[in-house]
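Quick note: the sequence shown, position 4, residue 128 per the working numbering, numbers continuous. By construction, the Cβ of each residue, glycine as well, lies at the ideal position given by its N, Cα and C atoms. Keep in mind it's a predicted model, so treat the numbers as computed, not measured. So the structure is just underneath, and the comments pick up after that.
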Amino acid sequence: MPIHVIDKNTLEIVKTLRPEPGKIAAHVEFTRDGRYALLSVWDMDGALVVYDAKSLEEVKRIPMVKPSGKYNVYNKITKAEGTSH
Numbered sequence: 125m126p127i128h129v130i131d132k133n134t135l136e137i138v139k140t141l142r143p144e145p146g147k148i149a150a151h152v153e154f155t156r157d158g159r160y161a162l163l164s165v166w167d168m169d170g171a172l173v174v175y176d177a178k179s180l181e182e183v184k185r186i187p188m189v190k191p192s193g194k195y196n197v198y199n200k201i202t203k204a205e206g207t208s209h
């Protein structure tokens with residue numbers, strides 16, 4: 125499933141990520157320093173996909189079985205705006 129990246133000021137779609145066609149993509153979170161976005165491909169043959177937060181290009185793919193969770197505990201406990209803690 126694709127993930128749309130939306131500009132929070134204009135509410136326009138600026139890019140559509142397609143990490144693994146036909147598989148569920150979810151759980152997007154940023155690293156503590158905001159340099160990377162982490163995205164789960166939720167499947168038995170899934171992965172944690174790392175994207176450069178500025179360019180939105182894939183940096184790395186780490187194979188995993190149905191990865192999901194809170195990858196960035198620091199942001200969850202120290203920031204209120206834009207987090208789901």
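C-beta atoms of residue i and residue j nearer than 8 Å
{"i": "ALA177", "j": "LEU163", "result": "no"}
{"i": "LYS190", "j": "ASP157", "result": "no"}
{"i": "VAL165", "j": "GLU144", "result": "yes"}
Identity of the residue in the options nearest residue i by Cα
{"i": "GLY140", "options": "GLY170, TYR175, THR155", "result": "Going by the sequence as given, residue 140 is Thr instead of Gly. Here the closest residue by C-alpha is TYR175."}
{"i": "VAL173", "options": "ARG185, GLU181, LEU135, LEU180", "result": "ARG185"}
Buried versus exposed, by CB contacts within 10 Å (16 or more), residue i
{"i": "GLY146", "result": "exposed"}
{"i": "TYR160", "result": "buried"}
6 Å Cβ shell around residue i - same chain, five flanking residues per side excluded
{"i": "ILE127", "result": "LEU141, ALA149"}
{"i": "MET125", "result": "ILE148, ALA149"}
Proximal residues to residue i (C-beta, below 8 Å), its chain only, five neighbours per side dropped
{"i": "GLY170", "result": "GLU144, LYS147, SER164, PRO187, MET188, VAL189, LYS190, PRO191"}
Same chain, Cβ closer than 7 Å to residue i, five either side skipped, listed in chain order
{"i": "ASP131", "result": "VAL138"}
{"i": "THR134", "result": "none"}
Cross-strand partners of residue i (DSSP beta bridge)
{"i": "MET188", "result": "GLY170"}
{"i": "HIS128", "result": "THR140"}
{"i": "VAL165", "result": "ALA149, ALA171"}
beta-carbon residue i near the ligand MG non-hydrogen atom, thresh 7 Å
{"i": "PRO126", "result": "By its list of ligands, the structure shown contains no ligand whatsoever, and the ligand MG lies outside what it can speak to."}
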